[in-house]
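Engineer: Structure provided below as C-alpha cells; questions to follow.
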Amino acid sequence: MQSQAGYILLALMSAVLMGTIGIFAKYAALPAEQITFFRLLFGSLFLVVYMLISGKKAQILHKPSKRHLINGAMLAGFMSFYVEAIDYTSMANVIMVIYLAPLLTAIIAHFVLGEKLKLFNIIAIGIALLGFILMSPSANTNTLANSDEAKGLFFSILALFTYSGFMLINRKPSQATAYQSTLIQLSVGSLCLLPLIITQPIQISGEQVAYLLAIGFLPGFLAILFAVKALQHLPAVTFGTLAYLEPVAVVSQAWWLFAESLTPIQLLGCSLIITAGMAQGLLSQGIQSQARPELAECK
C-alpha cells in the first residue's frame, strides 16, 4: 500500500504533467476538440497497454459506475474548454481563472463531503491564491472590450467549473480501482467528442501526430492516472493546494522553451505557491501519521 507521501508526490507529478498541455497544444496547432479527442483516446489506449503488460488485464472489462460516466463528460469538457480558451487569450490568463477551481473545490467539499477546513488549510489556500495572483499578468481594464478576450474568459470559466466537478466526483469513495476509474473517464470523454470529430475533415501532418501522441501520454495517460490515484487518498483541500504547482510549471516551461523571463513579483508568487503546497502536504502526512497509532490502539 502506497504511503501518504507517495500520493502527495503523485499529485505534484500530475500538476506538472497537466501543465504541458498548453505548450503541446500550441505546437500541434489543431482545433481544441481534435486535440482533446486524441488526448483522451491515446491516453486510454496507453492505459490499456499498461494494464495488459502489468498483469491488470482482468480489470479492463467491468461495469462502470454512473458517476465515472459523468466524470468522463466532465473531463472532456474541462480539456476542451481549456484548449479552446488558449486560442482566444494567453495561457497565463486561462490558468489564472482555472486555478480558482482548487479553492472552489475545497469550499464545496467542506459543505458537501464533510472535509472540514481547518485554520491551517484556509491559510495555505490563501497563501497559494496570493502567490497565484502575483504570478498573473497585470490586470488590463480594456481586456473584456476585446471580443476574443471575452470568449477566452467565458471558456476559462467553463473549464473552471468542469475541473472542479472532476475533482469532487473523484473524491467520493469507489469500489473501482484507480486504473478502472481512469480508463472509463478517458474512454467516455473521447466518446463524448467523437460526434464532433467525425463531422469534420481531419488533416494531420506527421509532426502533429507526434505532438498528439505526446499529449496522449503525458497530460493524458500519466497526468490523469496520477490525479485519480491521488484524489482517492488525499482530501480535496490538500490535492487542490498541491495542484497550484501547475501554473508554476506552465510559467517555468514558457521561460525554458520561449525565453519568457519572470519578474521578481512572479518569482515571489512561485515561491509562495510551492511553500503553501509543501506545507499542505506535510500537514496531510502528519495527520495520517497521528491517525495510524490511534488505529493500532483500537485494534
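UniProt numbering applies: residue 1 is where the sequence shown begins, and numbers increase by one. Backbone N, C-alpha and C fix where the C-beta goes; we use that ideal spot for every residue, glycine too.
1. Considering only their Cβ atoms, is the gap separating A159 from F239 smaller than 8 Å?
2. When you compare the region 89 to 104 with the region 218 to 228, are there three or more beta-carbon pairs, one atom per stretch, that lie closer than 8 Å?
3. Report the option in L104, T182 and V48 whose CA atom is closest to the CA atom of S164.
4. How many Å lie between I4 and A243 at the Cα?
5. On a Cα-Cα basis, can you pick out the residue from S181, V209, F161 and G126 that is closest to V48?
6. Mind checking A76: buried by the 16 CB within 10 Å criterion, or exposed?
7. Figure out for me which residue from L272, A276, L193 and Q253 has the closest Cα to the Cα of F38.
8. So, for A139: in the same chain, excluding its five sequence neighbours on each side, which residues have a beta-carbon less than 8 Å away from its beta-carbon?
9. Candidates V94, L225, E115 and L45: which alpha carbon is nearest K151's?
10. Here's a check: name, in chain order, each residue in its chain whose Cβ is nearer than 6 Å to the Cβ of N170, leaving out the five neighbours to either side.
11. Between the alpha carbons of P31 and T162, how many angstroms are there, rounded?
12. Under the assumption that Y88 contacts E33 (Cβ atoms under 8 Å), give the Cβ distance between them as a whole number of angstroms.
13. For the alpha helix (DSSP H) holding L9, just list the boundary residues, first then last.
14. Does Q34 get closer than 8 Å to chain B when you measure Cβ to Cβ?
15. Which full runs of the alpha helix (DSSP H) of 4+ residues lie inside the region 73 to 142, going along the chain?
16. Give the DSSP-derived three-state secondary structure of H68 in the structure shown.
17. Skipping 5 residues on each side, what residues in its chain have a beta carbon closer than 8 Å to that of G6?
Structural biologist: Working from what's here:
1. no
2. no
3. L104
4. According to the sequence displayed, residue 4 carries Gln and not Ile. If I take the Cα positions, the gap works out to 16 Å.
5. S181
6. buried
7. L193
8. Per-residue confidence for A139 stands at a pLDDT of 46, beneath the threshold of 50, marking its modelled position as unreliable; the derived number appears in the next sentence. Counting only Cβ-Cβ distances below 8 Å, and skipping sequence neighbours, we find nothing.
9. Residue V94 is the option with its Cα nearest to K151.
10. V228 and L231
11. 19 Å
12. Not confirmed; about 15 Å, so no contact.
13. Q4 to M18
14. Judged by its chain identifiers, the structure shown contains no chain B, having just a single protein chain.
15. Every unbroken stretch of the alpha helix (DSSP H) spanning 4 or more residues and falling wholly within the region 73 to 142 is given here in chain order: 91 to 98, 101 to 112 and 119 to 135.
16. helix
17. none
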